[in-house]
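S.K.: Before anything else, here's the structure in question.
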Amino acid sequence: MKISKELANTVKQIAGMMKIAAITAPKTKGMDDIDVKIVSGEKMLALSDKMESIGKRDGIGFFIRDAGNIRNSIAVVLIGARKIQAGIKNCDFCDYMNCEENKKHNSFCTFNLIDVGIATGAAAETASKFHVDNRVMYSVARAANELLIFENDIKCFTGIPISVSSKNIYFDRK
1303 MKISKELANT VKQIAGMMKI AAITAPKTKG MDDIDVKIVS GEKMLALSDK MESIGKRDGI
1363 GFFIRDAGNI RNSIAVVLIG ARKIQAGIKN CDFCDYMNCE ENKKHNSFCT FNLIDVGIAT
1423 GAAAETASKF HVDNRVMYSV ARAANELLIF ENDIKCFTGI PISVSSKNIY FDRK
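Going from the sequence shown to the numbering used here is simple: count from 1 and add 1302.
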C-alpha cells in the first residue's frame, strides 16, 4: 500500500514517541542503560539488506522473511543496552559470583536485559495506542549490531518495525 508523505511523517513522529516511552520506561535502580535509535529510508534498507545476507549466510530463513517486512515498513525503532552492572548483591541471575566477576568477563548484567524487555514493551504499547502496526523482532537487532548502528558500548537486542496499512504486514508472514 502506497502511503502519503504526510502519513509517513506522522508515523515517524510516533516512532519518536516510542523512543521516549522506551527511554522513560522503569529501569533497575534507575540505571541509564537503555539507548534507542530510529532508522528509516536508506539506513532502513541497508538494515534489510544485512538481514537478508545474514539469513543466507547462516541459513536462517526467518531473517530473509523479516527483511521483507523491514523493506515494507516506514521506520524501525531499535532498542539497545549498555553493560552496567546493577550492583545487587548475590542476585544469582548472571551465573557469576558477583557484579565484579560479571564486569571482569565483559558480560551483560541480567537486569540490563530485563530493562530492554520493559523498554521494548513500552515502545510497542505506544505504537499500539496510535494503531500503528508493529512487531518486536530479534533479527533486525542482530543486523543492527553487524552494521554498528549503536556506539561500541551498546548492543541492540530488539527492533520494532512500524507500518500503517489496511492490513497489518507483520501478521500473516510466511
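Don't be surprised by glycine CBs; every beta carbon is placed ideally from N, CA and C.
1. Check whether the Cβ atoms of PHE1413 and MET1346 lie closer than 9 Å to each other.
2. Short check: CB of LYS1385 to CB of LYS1406, under 9 Å?
3. For the 8 Å Cβ check, are there 3 or more pairs between the region 1349 to 1359 and the region 1320 to 1329?
4. Which residues bound the beta strand (DSSP E) around LEU1380?
5. Can you look up SER1465 in the DSSP assignment and give me helix, strand or coil?
6. Compute the distance between the beta-carbons of ILE1316 and ALA1424, then report whether it is under 9 Å.
7. Quick check on the burial criterion: 16 or more other C-beta atoms within 10 angstroms. Buried or exposed for LEU1380?
8. Short check: CB of ASN1371 to CB of ARG1437, under 9 Å?
9. Going by Cα to Cα distance, which pick from LYS1331, ASP1337, ILE1322 is closest to ILE1456?
10. For VAL1434 and VAL1442, what's the separation of their Cα atoms in angstroms?
11. Hey, could you find the ends of the alpha helix (DSSP H) ASP1417 is sitting in?
12. When DSSP labels each residue in this structure, what does LYS1307 get in the three-state scheme?
13. Would DSSP call CYS1401 helix, strand or coil?
14. Can you give the Cα-Cα distance for ALA1383 and PHE1459, rounded to whole angstroms?
15. According to DSSP, simplified to helix, strand and coil, what is PHE1459?
16. Kindly indicate which three-state DSSP category ASP1394 falls into: helix, strand or coil?
17. Would you mind stating whether SER1409 and CYS1396 have Cβ atoms separated by less than 9 Å?
M.R.: The structure says:
1. no
2. no
3. no
4. 1377 to 1384
5. strand
6. no
7. buried
8. yes
9. ASP1337
10. 18 Å
11. 1412 to 1431
12. helix
13. helix
14. 8 Å
15. strand
16. coil
17. yes
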